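> Heads up: the sequence shown runs through residues -19 to -1, 1 to 309, numbered per mature numbering (1 follows the signal peptide of the UniProt record, and there is no 0). Got a structure for you, questions after.
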Amino acid sequence: MSLWGVCALALLSQAPVKAPTAAPAAPPARAVPASLTAPAHPAAPAAQPLRENGWSALSPEQRAALIADRAESPLSERLLGMSEKFLNTPYVLSPLGEGQGVDPDPTFRLDAVDCLTFVEETLALGMAHGEPEVPALLERIRYASTPSYEDRNHLMEAQWLPNNIKKGLLVDVTRKYAKQDTVTVTKTLTARTWQSKSSMALQLPRERQPVGTFTLDMIPLEKVLEHARGVASGTILVVMREDLPLKATRITHLGFVVQKKKRTYLRHASRGGYNRVVDEDLETFLARNARYDKWRVTGVSLFEARRPPPALVSQPAATPGSAAVGTP
């Protein structure tokens, strides 16, 4: 199966994978339940057969203690520690939603991830000084302003990346590592893009469909290994494909760079032959990507996570529709 079949459906943007059914009215959902032990939506389907991961053996008290432990450590160390707990977690396409409405999937879970929710939950857990901060952080990462389906950061180039950069949570470090090998690329969204089957599957109203040209730095695929050993562990790596007018994104996968045993690995939630979170040798990963010919992989971009400004965690949710979602 191509990489697009593995995770790009989740990045386009984890639209509900099944038709929504009628459900009793529910209170507005937060990004994660007050307790990390239970799903926010009691009727949410269970994950595929459970594999043991680093979270499953922890009691609620142990989990809370782990999140609070060494909270002031460098963020990269925190991200490595939290992401490691997800190793062997089953891959489930679009496992998170708003707990109600268009996508009633749970707002948080530790037993199932796809490539994007794995990164989002790891970021929220790693940035938090304690369990009570996780809900607000995950909301800020997943949404432009309010925790609603329409306000979710559905598209990587147009929403997820620029919105999180604007909030001070991410910094583009592609050029820092690749220097003169960096190239500038774009993704263009037009009214025609939103007429394609894959774009319409997002079920976004017309006024919430981003249009415009969005610019990113990229390391060409054939140059990535030349710079890989210099990339710090904990850096987010996103995979980019060629720009096709009817595709609403060209970013189809992401994970964390991990340096160990004099090799570079990608820690990511992969379907394919793994169907779980794994540490995969980056050279092997890139070689496989280079063989895709139906939608050519062109390179990768790199982003460094930053600790959030204190106000970002505590500020109240914005009024619906107040964010300039997807502005180039």
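Quick reminder that beta carbons are idealized off the backbone N, C-alpha and C, glycines included. Remember, predicted model here, so these are calculated numbers, not experimental data.
With 16 as the cutoff for other CB atoms within 10 Å, does residue 190 come out buried or exposed?
As a first step, residue 190 is located in the sequence shown; it is residue number 209 there, counting from the start. Buried, by the Cβ-count rule.
> Just to confirm, is the Cβ distance from residue 121 to residue 293 under 7 Å?
If you number the sequence shown from 1, residue 121 lands on position 140. If you number the sequence shown from 1, residue 293 lands on position 312. In contact: residue 121 and residue 293 (Cβ atoms closer than 7 Å).
> Mark residue 17 as exposed unless 16 or more other C-beta atoms lie within 10 angstroms of its C-beta, in which case mark it buried.
As a first step, residue 17 is located in the sequence shown; it is residue number 36 there, counting from the start. Caution applies to residue 17, whose pLDDT of 47 falls short of 50 and renders its modelled position unreliable; the model cannot decide the point.
> Give the single residue among 255, 223, 140 and 63 whose Cα lies nearest to the Cα of residue 274.
For this step, residue 274 is matched to residue 293 along the sequence shown. The option with the nearest alpha carbon to residue 274 is 223.
> For the stretch 40 to 126, list the alpha helix (DSSP H) runs that are entirely contained and at least 4 residues long, ordered along the chain.
41 to 49, 56 to 66, 96 to 108 and 115 to 123, all fully within the stretch 40 to 126.
> Within 10 angstroms of its Cβ, does residue 71 collect 16 or more other Cβ (buried), or is it exposed?
Position 90 of the sequence shown, counted from the start, is the residue given in the question as residue 71. Result: buried.
> In this structure, does DSSP put residue 234 in helix, strand or coil?
For this step, residue 234 is matched to residue 253 along the sequence shown. In the structure shown, residue 234 sits in a strand (DSSP, three-state: E or B).
> In whole angstroms, what separates the C-alpha of residue 239 from that of residue 157?
Here the question's residue 239 lines up with position 258 in the sequence shown. Here the question's residue 157 lines up with position 176 in the sequence shown. Whole-angstrom Cα-Cα distance: 18 Å.
> According to DSSP, is residue 282 part of a helix, a strand, or is it coil?
As a first step, residue 282 is located in the sequence shown; it is residue number 301 there, counting from the start. In the structure shown, residue 282 sits in a strand (DSSP, three-state: E or B).
> For residue 177, tell me which candidate among 145, 205 and 229 has the shortest Cα-Cα distance.
Against the sequence shown, residue 177 aligns to sequence position 196. Taking only the C-alpha atoms, the option nearest residue 177 is 229.
> Can you give me the start and stop residues for the beta strand (DSSP E) that residue 199 sits inside?
The count along the sequence shown starts at 1 and reaches residue 199 at position 218. Unbroken beta strand (DSSP E) run through residue 199: 193 to 201.
> So who's on the other strand from residue 240, going by DSSP bridges?
One-based indexing of the sequence shown puts residue 240 at position 259. DSSP, once it has assigned bridges, lists 245 as partnering residue 240.
> For the alpha helix (DSSP H) containing residue 225, name the first residue and the last one.
Here residue 225 is taken as the residue at index 244 of the sequence shown, counted from 1. That residue, residue 225, is in no alpha helix (DSSP H); it is neither H nor E in DSSP.
> Per the DSSP calculation, residue 168 is bridged to which residue(s)?
Against the sequence shown, residue 168 aligns to sequence position 187. Its beta-bridge partners are 195.
> Measuring alpha carbon to alpha carbon, tell me which of 116, 203 and 103 ends up nearest residue 159.
By 1-based counting over the sequence shown, the position of residue 159 is 178. With distances taken between Cα atoms, residue 159 lies closest to 203.
> Closer than 7 Å by C-beta to residue 155: which residues in its own chain qualify, once you throw out the five before and the five after it? Chain order, please.
On the sequence shown, position 174 is the one that residue 155 refers to. So the list reads 163, 198, 199, 200, 282 and 283, once near-sequence residues are dropped.
> Under the DSSP definition of a beta bridge, which residues are partnered with residue 146?
Sequence index remark: in the sequence shown, residue 146 carries index 165 (1-based). Answer is none; residue 146 lacks a bridge partner.
> To the nearest angstrom, how far is the alpha carbon of residue 209 from that of residue 93?
Against the sequence shown, residue 209 aligns to sequence position 228. Against the sequence shown, residue 93 aligns to sequence position 112. Approximately 28 Å between the Cα atoms of the pair.
> Excluding the five sequence neighbours on either side, which residues of its own chain have a C-beta within less than 7 Å of the C-beta of residue 59, listed in chain order?
Locating residue 59 in the sequence shown gives position 78, counting from the first residue. 107, listed in sequence order.
> Does the beta-carbon of residue 241 have 16 or more other beta-carbons within 10 angstroms, so that it is buried, or is it exposed?
By one-based count along the sequence shown, residue 241 stands at place 260. With fewer than 16 other Cβ atoms within 10 Å, it is exposed.
> Taking all protein chains shown into account, decide if residue 77 is buried (16 or more other Cβ within 10 angstroms of its Cβ) or exposed.
The residue you call residue 77 lines up with position 96 of the sequence shown. By the 10 Å Cβ count, residue 77 comes out buried.
> Nearest by alpha-carbon distance to residue 251: which of 67, 39 and 33 is it?
Locating residue 251 in the sequence shown gives position 270, counting from the first residue. Nearest C-alpha to residue 251: 67.
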